[in-house]
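Under the working numbering, read the sequence shown as residues 2 to 1222, first letter to last.
From the three backbone atoms N, C-alpha and C, an ideal C-beta is built for every residue, glycine too.
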Amino acid sequence: MTEPSSKVAKGEEAVLEIAEMLFLRVSENTQLASLFDQKHSDQALEEFANLIEKLSELDSAPIAISPSLLSQQAVDSVSEILLHSLQENSAVPDPLATSLAKLTQSARSEPRLSRLVSDIKNAQAAHMTALDAAAGGEDAEVDGLNGDFNIMSFEELDMPEHEAKQVQEVWSRFNSFYDSSEAAGEAMFDAILDASPTLGTFFKLPRAVASMRLQEGINQIIKSLRNPKQTKQLVDVLGFKHLNLEVTGSRVRIIRDALVELVASEVIASHSRQALGSFIKVLNYIGGALLYIRATYSQRLQILSTSWAEANRDRDKVKKASGEKKPQDTAQLTKQKMDEHVPEEVVYIGEERMAERRRRQEQHVPKTFYDMFCFNAAVMDLLQDWMFEILDAFDDIVCNAANVYRLQEESDVLVLKISKLDTEINLDDFKAVMLASLRSLLPKDWTSAHEEVWCWLWESVQSLLNEELGKPAARARILSRYMSSLDDQARQEIGEEVYRNFFTIVPAGQDYMKQSRTRLHFIADSVMRLSEELYQEPYQMVEELSALGLRHVGYAVPTEFFGPFVNAFIEVVKDRVDDPPIIESFSWSLGLMARMLVRTIKEGSTIVMKAINQNSKELLGSALICAPRGERFNWVLTVAVGTQSISPLEWAVTSGNWVAAELIIQDLLTIRADRERYYYGLDALFERHPDIIQLLCTQAQCLLKTLLDGMMWHSHLTSDGMRRTNYYIKHLITDRNGDFAPCMKAIVQLQDPGIAVHRVLTRVTGIVWQGLIRSRFIFGTTWLLFNFMLFVLSHGLLNHEAAQVEMSSRIAMFTFRSIIYFLGMTQLIYGRVRHICRAIKDGDLVTIANMPIPKRMVDNWREPVSCLLASALIIMFFIEPVLSCLQHYEGDFEGSGLFTDLCPEGKGVREVYSILSLFIVALYMALLLDLAALSIKLNAYVLVAINVLPELFLMITAVAFLVIMFATCVAVSHTSVDAFKDMPTAGMRFFQIAAKMQDNRGMPEISTVPLLMVAIGLFVLAVVFGAFNIFVAQLTCAHQEIYDSMVGYSILRRMQISIDTMQTLRRRKFKQFVDSLVMDEPLEFGEGDIGLPGGVQIMECASLHPQNKESIIRFGGSTESSMQWPKEEALEIASEDARLDRLVKKFDKSLLRISKMMKKRGFSSYTSAVTSRMGASTTKTSTKLSSAPDGEPTSGASGAASYTSEEPNSHSECEIPGQSK
């Protein structure tokens, strides 16, 4: 009953009343009383109100506010939390304010606040019970309608046999009025909502699933009435399922009255009032049990949480290395040894061996629940495969004992997994091993209360499992047959009907499902496919659904849409199929999928993800302020649900939210420090995203500079004109496996010289080039140069007739050519075959003219040139004149003798051989251009020359066109000059004139033909003063454009050479090079200031990169990693419009001041002029600021620039939306 002095309140009023009561009780603490001044008292009241509102649901039911509402234990818990927080924040300027704010932030994760929650909920339940008792004297149409609920105890239902039979007949009669049990459940569901529409918010499951479970739950209880023990177990399970709901007496009464009215309207004519009264007695029993369980379950949860934490206190300490055996393997091995019945050895064992055996036995003593369970199961000979499935989920079961929906979900998933095991299942065996393990782990703390609570938990879970065990296999077969019977047309029709129904139920869903029609049909078809595969592959589907839910976190889809979407699917299937087993199978799997997705989305929807979805720097910065300094990196790199995770940073990059992505990268790469340690997120970033460089190169190139800027640190202090600089480049050189990092390859593929000249990339390229690549590159190019010199000697000097007279010349020519063929040519062939095989193995191919070609052939022009060179050398080898003359070297010809190539038999191939030699020399020279990479400037010049070649080709094309045009014109004029008598001759003559190769011997003859003279003059003007001058202008412009980037292209070329060389480099050599850099040693930030590892330190000239401010953000105070960083003071830079707005306001204030002064002195006309001028200037300024085009910043009341709502993805350039250029 409500106390006489109590006050009934609800909603915000109740929150404020309880907050004030809590504040007064906490203020009685002697250690806290002196801290609550007026300022902190108001803040404490506000924070306590936020705390109460966050922990309880006072909007749902009224509560009686009385002095005894809050127990002393609850008040002491709040005081203890505040005192502990005050000690941790003692170095903060305002520790009490910080502690109050932290109390509210950690409300749901603080176990010591559970007593406060239970006090509030018990007060609500007591008040509703009092209301029920007060309403017990009202009249009723049926005897027993207002019978009291028994909330003081939960015993077996005392019902005679004949009354139980009557209730079962009434229930059977009621169900016979409907076509199916699903229809009866929907009628009951509708009756409850008609009685109280607000109760619809408490049904979290889709309507079809909720109505079906409502009917099944009551049906099972009524069928078991003749077995009171079974009835109590079923009601206990029902109460367990409703632990998450605010079950109050008034709500139970509404539901009971609605069901009684519905049943009475159907069966009152065929059954007596006594039978209906017995039915009401059953409902009263169920309602009282729900209220009792709700009122007493908090104590059970407290025992569960404390004992479970104690049983697993050493879980983190005994985590074994990956190579060691798992407890499951050890348990299996123990069981096998016990089955073998091997007798103990009776051989004498020395003391040392005995001591060693005891030590090993002590090391393998089970210290966690998992280990102890496996050990006991093996010893008790109860070890089965299905036990490990429950063990894997048992931690989630215990930790979510208060969340019935999560328990139901875990139980359903367990049933699916266990159904795939071909073994007999006895859940009582698990209970026996579980209790034995807990007793072993908690020998001192274990009591009868622990025994009762753990038995209650397992029996509740066991009942959930027993409800579904054996059903998944049959459901899988039924649903599989139905799905296989649907053709593409039927699936498309189902999808259209589903979306039509869904948009009718939830019109707002159209704003989120904006994809094309085919995409929507794909989603609907995927839903049907997943519902079938959930039965067939539960392990894989659980992972896929978790990943799908995390992707929906980024889509920001409201979870309220999942229930109507499932309802729409079930209704469509019901309309098309009149087969209850099919509907049940489909509804069960679809409902489980929806619950898993909703839970994943809710758990993954962190404040960081919400800020990223809005692409707001302000919101994201506010979210990161709440992060503990030790977990701040994880907040922006990992959002994990189960075994699946999503990266907020990756999502921000791929979704185009680059403003948020830029802030995340800047926050990760900002070095913060307290007295104990430095915090730098570079290692965490590359550990989570080893491909971050590749990701930014393909998705957001504009963020590369931000990332690279954060990888270097410049000291703000100088010494002897030098500045200490740290480059943290370890992850750009080597990956986690010790191989060469793929970052450089991604930069080369990007082909952006502006990025290539960044100081970090320049430093990385220089270190790799000088320490590893240069010597090997020189060796490779020197060998190529050596082959080229041998080729020139053997084909350009020693092959002449005069030189082959001497035997030594012929021997030298034969030797040089043999070296070229057997060493140079074979090396070229081996290199090309190796690259082709690797491309085929890796699938790195492109298709050109329906022919697969290694991508390297397209990306690097040196590869096809090398292939041509190898092919030409092969052809030359087979037509080698020296080989043709080996049998005919004697004869009467000049240069005869051994190894000659001047014999008459070789004359036929010498001309082709000479042409191939010319071609090979050109190929050699092209490949020798790589020697320019030894010098950045020389390589830059070569690259500039190569890049302006297209301009040369354009000029040649223009000259060729003019030659053909004038040659054709002159040829058709029938001139008498022999040099221009036909088109080919005239074309050759004009080409000679253009190339300045003509002689003047024919000029007298040409001068006799005026028309020809005019044509030649026009041609000279067009070519010399037109095409050539235009070519020079184009070449100048192209050179100027490329000149600015030539150093970047030169560095990119060095990177490409480094990548090619790394492919053939031995791993041992690369490891020696990495070890020589000593990047694992911490780098100093100053003298005696040991900093962070992972880079190299360079002493640079102080004038290169001036730095007048310390870039490391240092904080004092507490050094606990669980503490948040203090708020950083950010320097706000106003935009031009904001500064102009402030200037105009200052000008207006000055005019107003002058106007007042002049008015006092009697100059009224001047005052009028000033006032009109102020209005004009204000109007002009506001017009200017408001007339800015879309997308330009407009000044608001605050003077800050704001942008129109243009989506980031619509930007054609790689520019961060929201930032001014």
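Of the listed residues the options, nearest to residue i (C-alpha basis)
i     : options                  : result
E1085 : Q1057, R724, L762, P743  : R724
D429  : I53, C456, L415, Y406    : C456
S86   : K982, A102, V528, I947   : A102
E807  : L383, L751, L899         : L899
E534  : Y293, P473, S266         : P473
T827  : L84, I875, L1152         : I875
Q300  : I584, V454, F504         : V454
F395  : L384, V380, M712, F370   : F370
I994  : C970, V1010, L1019, D845 : L1019
L466  : S438, W447, D413, P1083  : D413
6 Å Cβ shell around residue i - same chain, five flanking residues per side excluded
i     : result
D902  : P882, V883, C886
S795  : M814, F817, R818
G218  : L239
I1043 : V945, N948
K611  : none
R295  : V248
Straight-line Cα distance separating residue j from residue i
i     : j     : result
R863  : M514  : 50 Å
A403  : L302  : 7 Å
E21   : P96   : 21 Å
V507  : V567  : 12 Å
T763  : T707  : 16 Å
L1066 : K1128 : 49 Å
S308  : L443  : 8 Å
A15   : S646  : 40 Å
V922  : G739  : 41 Å
S28   : A509  : 49 Å
L546  : L598  : 7 Å
L670  : Y556  : 27 Å
E267  : I524  : 42 Å
A968  : C698  : 52 Å
E4    : L70   : With a pLDDT of only 42 at E4, under the threshold of 50, the placement of this residue in the model should not be trusted, and no figure is reported.
K1072 : M1063 : 12 Å
Contacting residues, own chain, Cβ-Cβ under 8 Å from residue i (five flanking each side not counted)
i    : result
W387 : I419, L422, T424, I426
G755 : S1046, G1049
Distance CB(residue i)-CB(residue j) smaller than 9 Å
i     : j     : result
Q216  : A185  : yes
L829  : A871  : yes
Q1125 : I626  : yes
V574  : E604  : no
V554  : I602  : yes
S590  : R476  : yes
V609  : W636  : yes
A211  : L263  : no
L709  : V761  : yes
F190  : G289  : no
I1031 : A959  : yes
G772  : F1074 : yes
L1053 : I748  : yes
H522  : G496  : yes
For residue j and residue i, believed in contact at Cβ under 8 Å, the rounded distance
i    : j     : result
T976 : L929  : Rounded, the Cβ-Cβ distance is 48 Å, inconsistent with contact.
R407 : R552  : 21 Å between Cβ atoms; not a contact.
F778 : A653  : In fact, because the Cβ distance is near 40 Å, the residues do not count as touching under 8 Å.
A595 : V499  : The pair is not a contact, with the Cβ atoms about 14 Å apart (cut-off 8 Å).
A941 : S1051 : 4 Å
7 Å Cβ shell around residue i - same chain, five flanking residues per side excluded
i    : result
I193 : L200, I256, A259
T719 : A1103
A742 : H732, L733, I734, T735, D736
9 Å Cβ cutoff, residue i in contact with chain C
i    : result
M529 : Among the protein chains of the structure shown there is no chain C, as only one such chain exists.
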